Amino acid sequence: MRCAWWRRATCCRRTSGPRALSRAAMSDSPDAAVSAPAQARYRLPRPASAALRAGLAVAAGAALAAAFAPLNLWPLAVLCPAVLLWLWQDATPGEAARLGFCFNCATFAAGTYWVYASIHVHGPAPVWLALFLLLGLVGVMGLYHAALGYAVARWLPPSGAVRWLAALPAGWLLIEWWRGWFLSGFAWLSLGYSQTDTWLAGFAPVVGVYGISALLLVSAGALVALAGGARRARILAGLLLMVPWALGAQLHGHSWTQAAGAPVSVAVVQAAIPQDEKWLESNRDTTLEAYRTLTEKALGTQLIVWPESAPADVANDLVPYLSHLYSEAYTHGSALVLGVLRAQGGAADNAAPRYFNSVLALDQEVSWYDKHHLVPFAEIFPVPRFVRSWMRLMSLPYSDFTPGAADQPPLPAAHLRLGATVCYEDRPWVLVSRIVPLRGLPPYAHVGNWLVMSLAALALAYGLWVRNDRGRRTATGQAGRD
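Residue numbering for the sequence shown is 138 to 619, as defined by this note's numbering.
Structure follows, in structure tokens:
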């Protein structure tokens, strides 16, 4: 009995090893024998090295900035997010957070370097402070995708159509929207801005920048599903990859607006003065004379528009100058819409003056629009009070502009009711919240300028969003000229 029991135990132990596995496979049905290899064949493996995965996340994030103008390498807006989605596959929550942080830090380090120019060149703050604040901003941006990576690795399945085609695009899009609203909003490098010259641009007047971002993210997820998904997921991914681009091509060039009322003649005045020279005291009078001369040449045009903060002074100190231009324009039947700075308060009430970045409309009446959404680290310093106190003691720039009210009436000019935006405010979330609710969908005027050492203005898709404008007129400058 003992011998028989021992033989049975040995036999059981042997059948549990590799030989038993091969016998089991031989006894299975053909479908069962090939099911595991078939699934593995469509699994896209990640690099084995954690350092290599992190390096790929950094490289993909930095390359994403090249999808925007002026480089316009728009396929990167699909390929780079697809790389991150692939790297997140099978990652632990901790690793997914690290990969997301590396990716987004690299994107914003490459795409928001103009913050350094704003702080150091135009501040002027020392190099170390400009770098510190830039890296702080980049780090905060990195935390967004760190949170997204942690969430998807913690609560979503490691692969599948739901993850790649729905959950991840939705989470990424939610981050883009949140960045545009939180605090003063920082919707920079939203993916949709990269598609000014592609078939997806046809969707811009219909779904706006966030809709195009969603299409790009679904396309990125579709690439990952095609490379590593099951059969049905690959079929769905192929359809989602082809249909939006084909439909966008059909919509491209379609006219979504029609003229209402008589045309209004518009003159946009730009003195082409570099921003790093404009604010020099020695250039103040030269700047004022340039704008006076150009404005007088345009008299007789129904609407004359200046860029953002065109005179290198506050309007309070330019009353005789502006009054003269107002009188001349009124005599010739012209309305003025001027980008100027203005101060409020000060010595009269024994308080520090508040400064506004404003638009002044001079026609039958005088009206103002004060910029509401301010640029972080340029017009407003989002730092704790103790840091601001230290900056004051060190004679470093720390002052903020004051944001205007969220709800401001349109500006009456040239028999129009103009919605107004300034510089950074020409983002879709601002237009939706401020311009669209105004009755009659009025035309709007946008004034802005940009900095030396910056290609930022080129990345804002001005030409794309103008297709759905309502008489939009922009006075802006690039390459550091207003």
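Glycine included, C-beta positions come from ideal geometry on N, C-alpha and C.
Source: prediction; values computed, not measured.
Range covered by the alpha helix (DSSP H) that runs through residue i
{"i": "residue 286", "result": "264-292"}
{"i": "residue 432", "result": "421-434"}
{"i": "residue 183", "result": "First-last for residue 183: undefined, no H or E at that position."}
{"i": "residue 558", "result": "Counting along the chain, residue 558 falls outside any alpha helix (DSSP H), though it belongs to the beta strand (DSSP E) covering 553-559."}
{"i": "residue 117", "result": "In the structure as shown, the chain starts at 138 and stops at 619, and residue 117 therefore has no counterpart that could be examined."}
{"i": "residue 397", "result": "It is not in any alpha helix (DSSP H) - residue 397 carries neither H nor E in the DSSP assignment."}
{"i": "residue 214", "result": "213-225"}
Own chain partners of residue i with C-beta closer than 6 Å, once the 5 adjacent residues on each side are dropped
{"i": "residue 468", "result": "none"}
{"i": "residue 175", "result": "Summary for residue 175: the model assigns pLDDT 40, below 50, so the residue's position carries little reliability; its value from the coordinates is reported in the next sentence. None."}
{"i": "residue 208", "result": "none"}
{"i": "residue 449", "result": "415, 416, 421, 424"}
{"i": "residue 311", "result": "none"}
{"i": "residue 328", "result": "214, 350, 353"}
{"i": "residue 184", "result": "190"}
Residues near residue i by beta carbon distance below 7 Å, same chain, minus five either side
{"i": "residue 465", "result": "433, 436"}
{"i": "residue 624", "result": "This structure leaves residue 624 out entirely; the chain is present only between 138 and 619."}
{"i": "residue 109", "result": "For residue 109 there is no data in the structure shown, the boundaries of the chain being 138 and 619."}
{"i": "residue 233", "result": "225, 286, 287, 289, 290"}
{"i": "residue 462", "result": "429, 432, 473"}
{"i": "residue 549", "result": "498, 500, 501, 502, 504"}
{"i": "residue 490", "result": "480, 481, 482, 483"}
Residue i (DSSP reduced to helix, strand or coil)
{"i": "residue 410", "result": "coil"}
{"i": "residue 476", "result": "strand"}
{"i": "residue 497", "result": "strand"}
{"i": "residue 387", "result": "helix"}
{"i": "residue 175", "result": "Annotation note: pLDDT 40 at residue 175 (below 50); position unreliable, no value reported."}
{"i": "residue 251", "result": "helix"}
{"i": "residue 443", "result": "coil"}
{"i": "residue 327", "result": "coil"}
{"i": "residue 457", "result": "helix"}
{"i": "residue 381", "result": "helix"}
{"i": "residue 295", "result": "coil"}
{"i": "residue 336", "result": "helix"}
{"i": "residue 451", "result": "strand"}
{"i": "residue 505", "result": "strand"}
{"i": "residue 582", "result": "strand"}
{"i": "residue 417", "result": "coil"}
{"i": "residue 375", "result": "helix"}
{"i": "residue 319", "result": "coil"}
{"i": "residue 471", "result": "coil"}
{"i": "residue 462", "result": "helix"}
{"i": "residue 198", "result": "helix"}
{"i": "residue 209", "result": "coil"}
{"i": "residue 308", "result": "helix"}
{"i": "residue 303", "result": "helix"}
{"i": "residue 192", "result": "helix"}
{"i": "residue 370", "result": "helix"}
{"i": "residue 540", "result": "coil"}
Span of the beta strand (DSSP E) around residue i
{"i": "residue 357", "result": "Counting along the chain, residue 357 falls outside any beta strand (DSSP E), though it belongs to the alpha helix (DSSP H) covering 341-365."}
{"i": "residue 549", "result": "548-550"}
{"i": "residue 403", "result": "403-405"}
One or two residues paired with residue i in a DSSP bridge
{"i": "residue 491", "result": "481"}
{"i": "residue 438", "result": "436"}
{"i": "residue 517", "result": "513"}
Spatial neighbours of residue i in its chain, beta-carbon cut-off 8 Å, leaving aside the 5 residues before and after
{"i": "residue 181", "result": "223, 226, 361, 364, 365"}
{"i": "residue 537", "result": "511, 516, 517, 518"}
{"i": "residue 389", "result": "336, 338, 339"}
{"i": "residue 313", "result": "324, 327, 328, 347, 350"}
{"i": "residue 386", "result": "336, 339"}
{"i": "residue 248", "result": "201, 202, 205, 325, 326, 596"}
Worksheet entry | Cβ pair count under 8 Å reaching 3, the stretch 347-363 against the stretch 305-321 | Cβ pair count under 8 Å is three or more, so yes.
Fill in: Three or more C-beta pairs below 8 Å linking the stretch 537-546 and the stretch 495-510
Yes, they touch.
Practice prompt. Evaluate the contact criterion for the stretch 383-400 versus the stretch 249-265: three or more CB pairs, one atom per stretch, below 8 Å.
Written response: Three or more Cβ pairs closer than 8 Å define a contact, and the stretch 383-400 falls short of that threshold against the stretch 249-265.
Worksheet item: So, do the stretch 326-340 and the stretch 367-386 have three or more beta carbon pairs nearer to each other than 8 Å?
Response: Taking one beta carbon from each stretch, the stretch 326-340 and the stretch 367-386 have 3 or more pairs nearer than 8 Å; the two touch.
Practice prompt. Determine, using beta-carbon pairs with one atom in the stretch 353-372 and one in the stretch 411-421, whether at least three such pairs fall under 8 Å.
Written response: With a cut-off of 8 Å on Cβ pairs, the stretch 353-372 is not in contact with the stretch 411-421, counting fewer than three such pairs.
Worksheet item: Are there three or more Cβ pairs, one per stretch, closer than 8 Å when the stretch 493-501 is compared with the stretch 467-482?
Response: Taking 8 Å as the limit for Cβ pairs, the verdict is that the stretch 467-482 does touch the stretch 493-501.
Worksheet item: Does the pairing of the stretch 264-279 with the stretch 290-309 give three or more beta-carbon distances under 8 Å?
Response: Verdict: no, contact absent.
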